[in-house]
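Single-structure report; data block below.
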Amino acid sequence: MLAWNDRLSVNIAEIDSQHKKLVDMVNELHDAMKAGKAETVMVHIVKEMKQYAASHFGLEERYMKSNNYPDYKPHKTEHDKFVAKVVQVEQDCKAGKCAMSMDILNFLSNWLVNHIKGTDKKYAPFLNNCGIH
Numbered sequence: 001m002l003a004w005n006d007r008l009s010v011n012i013a014e015i016d017s018q019h020k021k022l023v024d025m026v027n028e029l030h031d032a033m034k035a036g037k038a039e040t041v042m043v044h045i046v047k048e049m050k051q052y053a054a055s056h057f058g059l060e061e062r063y064m065k066s067n068n069y070p071d072y073k074p075h076k077t078e079h080d081k082f083v084a085k086v087v088q089v090e091q092d093c094k095a096g097k098c099a100m101s102m103d104i105l106n107f108l109s110n111w112l113v114n115h116i117k118g119t120d121k122k123y124a125p126f127l128n129n130c131g132i133h
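full-length UniProt numbering numbers the first residue of the sequence shown as 1 and each following residue consecutively.
Written out as structure tokens, the structure reads:
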């Protein structure tokens with residue numbers, strides 16, 4: 001569903017590695033859905049995605065805060081909204097209302113790509129200039 005490419009790179013090795021992992025998770029969900037196994041793996045993958053996203057966002061936010069990135073607050077707000085959406089999907093799954101649909105998958109993949117290409121690309125030069133690569 002998603003393929004990593006250099007256009008998604010923010011030129012910070014640790015963050016790029018984590019972005020690749022998030023892309024892999026979206027692809028894992030897509031593969032499970034195509035194989036008709038979304039229901040059996042959905043809760044596990046969504047839980048893993050929520051935990052990994054929180055860890056990844058924490059790293060980005062620490063870099064931004066420690067280097068006084070001027071757009072920290074709106075960036076963090078985007079992170080918080082994404083985590084809230086993933087938490088809602090996880091709760092729905094636990095409550096037996098888990099319908100892995102293309103809408104959810106499209107939301108996750110589009111958000112990830114748009115966030116990296118838009119919001120994350122904005123902090124990349126700033127952090128690169130602070131010596132973070």
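Where a beta carbon is used, it is the ideal one built from N, C-alpha and C, also for glycine.
Check	Outcome
Coil, strand or helix - Ala13 by DSSP	helix
DSSP state of Ile45 mapped onto helix, strand, coil	helix
DSSP state of Met64 mapped onto helix, strand, coil	helix
Short Cβ contact (8 Å threshold) for Lys81 with Val10	no
Contact the segment 101 to 119 vs the segment 15 to 27: 3+ CB pairs below 8 Å	yes
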